[in-house]
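Notes for the one structure printed next.
What follows is the structure in structure tokens.
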């Protein structure tokens, strides 16, 4: 099948590479010439395990192409994915200016080519509910060529996006037309050979499904974080509570880990967008709104503990940070709790030495509001603890799970560890002479 993908960001590039790897001919379009030039050279703008190999292999074998020209990408495409960014506006609603620009450009290219073959236009980006109608209106203003707009939300997890795409739990297709659904099902057939479902539903339900999934998972995280704060005050241990909950088959074990909050490009944006959509339609989504509020508080929860530990005086203190990205296996810093903590500590007079195995270059390029004397980047995990007054584990990279603790303790001014992801054995750490503070660990908290 001939496939076009508009947008070579996180969603578009993964989708294009995976479709090409399954044998389809794919043209990926982006309006950024420098990005397209790099992709043609095999340079990947994001870190995602397995993605570079797919792009290079399919490009070499002639199945994956990159362009900045709509006239090159649109005419021959049978299925065209819109995968452009929809960043949040100040009120939380998605900004659709890039989606509109892409839709109108698609329509103009369709009109110019005078094609009579039905094109399937797929909303792959996370779009406002009801966007299929709006996209259809934008395209119709530019062309009389036949097309059908479909909703096909993505459910990719950063750090495992390639695996998620190649082995999806389910594929959601929002369309009323059986022929269009059949075409989409054919496109996805290689990825669901083990029987995982391709679900046909109406377009609005497909759009809501994306928001519902992310908001529900974010709710589980914020719920556990609120319980963690209660555990600290009552002497309970959130890790023991988690084990008791996860053995209930009605609850399950996923997304029950307390920590310093969620970040990234999906959960924060989608939660805010769902709240905004509720307001637009005149219904209050109180639970979802509280999830966002709880997460904002949680990002600074350990900062308050650090401040109390040092007697409310952080001037002249140096804090080591292990991890900057919002989660392991990505260099994505969007809404990363580590950065919010670092900024807060800096405002209180502390300086930070940080190390991340992947996200260092991204941090150096994106974090421009902190001077070097406030945020220093180190080359190794051990340099980040050299001479520090305390260490914060902010991202649970595998590299941080089993360090040489004797070396760490010797390098630090004081062996104080704030475990923002509860990955360490509290008894073991205190047995080695560390002052250990976790999240929701009642016996291991700062009074």
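Numbering (this note's numbering), first residue to last: 619 to 1065.
All residues carry an ideal CB built from backbone N, CA and C; glycine is no exception.
All of these numbers come straight from a predicted model, not from anything done at the bench.
Could you work out which residue in the options is closest to residue i when comparing CA atoms only?
i            : options               : result
residue 1037 : 1057, 1045, 1048, 921 : 1057
residue 824  : 781, 686, 856, 750    : 750
residue 663  : 939, 1022, 979        : 979
residue 972  : 993, 857, 954         : 993
residue 761  : 742, 743, 737         : 737
residue 830  : 890, 912, 626, 914    : 890
residue 807  : 674, 928, 642         : 642
residue 926  : 1064, 778, 711        : 1064
residue 759  : 716, 725, 862         : 725
residue 622  : 728, 708, 715, 716    : 728
residue 961  : 950, 975, 974, 985    : 985
residue 1042 : 686, 820, 795, 1018   : 1018
residue 840  : 708, 1062, 828, 885   : 885
residue 560  : 846, 869, 867, 739    : The question about residue 560 has no answer here: the residues shown for the chain are numbered 619 through 1065.
residue 872  : 882, 860, 883         : 860
Please say whether residue j and residue i have beta carbons closer to each other than 8 Å?
i            : j            : result
residue 696  : residue 619  : yes
residue 923  : residue 942  : no
residue 793  : residue 776  : no
residue 634  : residue 646  : yes
residue 888  : residue 1053 : no
residue 1003 : residue 1026 : yes
residue 977  : residue 878  : no
residue 753  : residue 770  : no
residue 720  : residue 624  : yes
residue 779  : residue 1040 : no
residue 786  : residue 810  : yes
residue 667  : residue 712  : no
residue 1035 : residue 1009 : yes
residue 627  : residue 701  : yes
Which class does residue i belong to by DSSP, given the choice of helix, strand or coil?
i            : result
residue 806  : helix
residue 792  : strand
residue 631  : helix
residue 1047 : helix
residue 928  : coil
residue 706  : strand
residue 818  : strand
residue 895  : helix
residue 1033 : coil
residue 993  : strand
residue 761  : coil
Would you report the Cα separation of residue i and residue j, rounded to the nearest angstrom?
i            : j            : result
residue 692  : residue 723  : 9 Å
residue 969  : residue 938  : 9 Å
residue 957  : residue 731  : 48 Å
residue 948  : residue 1033 : 29 Å
residue 894  : residue 741  : 20 Å
residue 1001 : residue 1046 : 23 Å
residue 684  : residue 946  : 29 Å
residue 640  : residue 880  : 33 Å
residue 1031 : residue 863  : 39 Å
residue 669  : residue 632  : 7 Å
residue 952  : residue 944  : 7 Å
residue 826  : residue 1006 : 47 Å
residue 1023 : residue 983  : 31 Å
residue 919  : residue 636  : 39 Å
residue 1015 : residue 835  : 21 Å
residue 698  : residue 798  : 12 Å
residue 849  : residue 843  : 10 Å
Using DSSP's beta-bridge definition, name the partner residues of residue i.
i            : result
residue 590  : Residue 590 lies beyond the stretch modelled for the chain, which goes from 619 to 1065, so this question has no answer here.
residue 940  : 973, 1011
residue 684  : 646
residue 622  : 645, 698
residue 1059 : 855
residue 1054 : 1035
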